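J.: Residue 1 is where the sequence shown starts when you use UniProt numbering, and the numbers rise one by one after that. Questions regarding the structure given below will be posed in turn.
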Amino acid sequence: MACPDDGGPVQTSVRVPDDPLSVHIGRVANSLYPATLPGPEEDLNLISIYYSQHYAAQRPAQTIVKLPHHLAASEIVQLAADLMKLVRMYHHCSTAYPATHGDFQHFLAAVFFRWQSDRPIGEKPVLQDPSFDDRALHVGYLKYDLEPVAGLGADGLKNRHEDDKAYVYVYFDYQTRKANVVWKDANCLDIRQDDVSLIRPFRCLDDRITVLFKNYEQCERIRIMDHNWELAIWSAREKIKRFAETGVTTNVANNWPDRLETEDMEPWITVARLFELFEPNLV
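As structure tokens, this is what we get:
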């Protein structure tokens, strides 16, 4: 991803899951956008949150927090810290793509969507393992039936018959620091290159590797950033529950918080950076 200095296209600051629910949340965020904040395209400026006077001046303890404006500015900026950290994990040049006020209002709408402070937040999100398709590329078909394997269907040949799909697959050996590309059937079992009849686009090694790692990078980016989005929402809700219990005085509402705490998020590593960390072992 290019920084603006490189002449690359303008990018959005935050990856928001692309589904109908997220689109609906975006509409909610637009409808509730505070009139006293800078425009949604403006860089997120935490001081302007205080100047907006949109947020609560005080709140008794044990008050249910149902909407963002029930929080004080000193509490809201602590939620902004989660979003700003998310952006830093997302972009290798984070200063070029700062979070915007629009990003933050969308984030707040997601935090409060069908949730308020007297409801549970669930377990802390755990990063899901990558799927086979995240690491694999279909490059051809089996030339013949392979040896049967116990447990793979009645004949032991599930996904191992002639003309079944064959793949190249990338995995990382953290002991040897190698990025290994190997041949697999659809069961993720090892096969040999000689077992495979390659389809025309992938008869060249360079073409196979280029498309394989492009697919890997796209899938990894989505996997990591969807997890970090869920983690940021969980972290914000955890803070809101604490804020609701303790309440906020006028003095605290107007002051800068002592510290901005965030959860540890997963880094997203580009393929270029990956090959700096791992030696390629290609087929």
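Idealized CB from N, CA, C, for every residue including glycine. Owing to the predicted nature of the structure, the values given are computational and were not obtained by experimental measurement.
(1) With distance defined between alpha-carbon atoms, name the residue in 80, 22, 193 nearest to residue 166.
(2) Would you mind reading off the limits of the alpha helix (DSSP H) that contains residue 85?
(3) Could you tell me the alpha carbon to alpha carbon distance between residue 231 and residue 50, rounded to whole angstroms?
(4) With which residues is residue 279 paired in a DSSP beta bridge?
(5) DSSP state of residue 158, grouped into three classes?
(6) Where does residue 140 sit, in a helix, a strand or coil, going by DSSP?
(7) So the alpha helix (DSSP H) residue 236 belongs to, where does it begin and stop?
(8) Could you spell out the range, first to last residue, of the alpha helix (DSSP H) harbouring residue 132?
(9) Can you check whether the CB of residue 158 is closer than 8 Å to the CB of residue 197?
(10) Could you tell me the distance, in whole angstroms, from the CA atom of residue 160 to the CA atom of residue 282?
(11) Would you report the Cα separation of residue 228 and residue 147, rounded to the nearest angstrom?
(12) Find the nearest neighbour of residue 259 within the set 48, 21, 45, 80, judged by alpha-carbon distance.
(13) Return the bridge partner residues of residue 104 from the DSSP annotation.
(14) What does residue 44 pair with, by DSSP beta-bridge criteria?
(15) Going by DSSP, what residue range makes up the beta strand (DSSP E) through residue 196?
(16) Taking the beta carbon of residue 235 as the centre, do at least 16 other beta carbons fall within 10 Å, making it buried, or is it exposed?
(17) List the whole-angstrom C-beta distance separating residue 250 from residue 78, where the pair is believed to meet the contact cut-off of C-beta under 8 Å.
(18) Using the three-state DSSP reduction, which class does residue 288 fall into: helix, strand or coil?
(19) Is there contact here, the segment 34-53 with the segment 209-228, by at least three beta-carbon pairs under 8 Å?
(20) What is the DSSP secondary structure of residue 252, counted as helix, strand or coil?
(21) With distances taken from CA atoms, which of 120, 82, 29 is nearest residue 261?
(22) Does DSSP put residue 302 in a helix, a strand or coil?
T.: Well, looking at it:
(1) Locating residue 166 in the sequence shown gives position 166, counting from the first residue. Of 80, 22, 193, the residue nearest in Cα terms is 193.
(2) On the sequence shown, residue 85 is found 85 positions in, with the first residue counted as 1. Counting along the chain, the alpha helix (DSSP H) containing residue 85 begins and ends at 73-90.
(3) As a first step, residue 231 must be located in the sequence shown, where it is residue number 231. As a first step, residue 50 must be located in the sequence shown, where it is residue number 50. One C-alpha to the other measures close to 26 Å.
(4) Walking along the sequence shown from the start, residue 279 turns up at place 279. BP columns for residue 279 point to 178.
(5) Stepping through the sequence shown from its first residue, residue 158 is reached at position 158. Residue 158 falls in the coil class under three-state DSSP.
(6) Sequence index remark: in the sequence shown, residue 140 carries index 140 (1-based). DSSP places residue 140 in strand when its eight states are reduced to three.
(7) Locating residue 236 in the sequence shown gives position 236, where the first residue counts as 1. Unbroken alpha helix (DSSP H) run through residue 236: 205-246.
(8) Taking the sequence shown and counting its residues from 1, one reaches residue 132 at position 132. Counting along the chain, the alpha helix (DSSP H) containing residue 132 begins and ends at 132-135.
(9) The residue given as residue 197 occupies position 197 in the sequence shown. The residue given as residue 158 occupies position 158 in the sequence shown. Going by C-beta atoms, residue 197 is not nearer than 8 Å to residue 158.
(10) Within the sequence shown, numbered from 1, the residue matching residue 160 stands at position 160. Within the sequence shown, numbered from 1, the residue matching residue 282 stands at position 282. Going by the C-alpha atoms only, they are around 23 Å apart.
(11) Your numbering for residue 228 matches position 228 in the sequence shown. Your numbering for residue 147 matches position 147 in the sequence shown. Distance between the alpha carbons of residue 228 and residue 147: 42 Å.
(12) By one-based count along the sequence shown, residue 259 stands at place 259. Minimum Cα distance to residue 259 is reached at 80.
(13) Within the sequence shown, residue 104 is the residue found at index 104, counting from 1. Paired residue(s): none; residue 104 is not in a bridge.
(14) Here the question's residue 44 lines up with position 44 in the sequence shown. Residue 44 pairs with nothing; no bridge assigned.
(15) Your numbering for residue 196 matches position 196 in the sequence shown. 196-198 is the span of the beta strand (DSSP E), which, as asked, contains residue 196.
(16) One-based indexing of the sequence shown puts residue 235 at position 235. Buried, by the Cβ-count rule.
(17) Taking the first residue of the sequence shown as position 1, residue 250 is located at position 250. Taking the first residue of the sequence shown as position 1, residue 78 is located at position 78. Residue 250 to residue 78, Cβ: 18 Å. No contact.
(18) Nothing about residue 288 can be reported from this structure: the residues present for the chain run from 1 to 283 only.
(19) no
(20) Against the sequence shown, residue 252 aligns to sequence position 252. Reduced to three states, the DSSP call for residue 252 is helix.
(21) Taking the sequence shown and counting its residues from 1, one reaches residue 261 at position 261. The option with the nearest alpha carbon to residue 261 is 82.
(22) The structure shown does not extend to residue 302, since the chain is modelled only from 1 to 283, so the question has no answer here.
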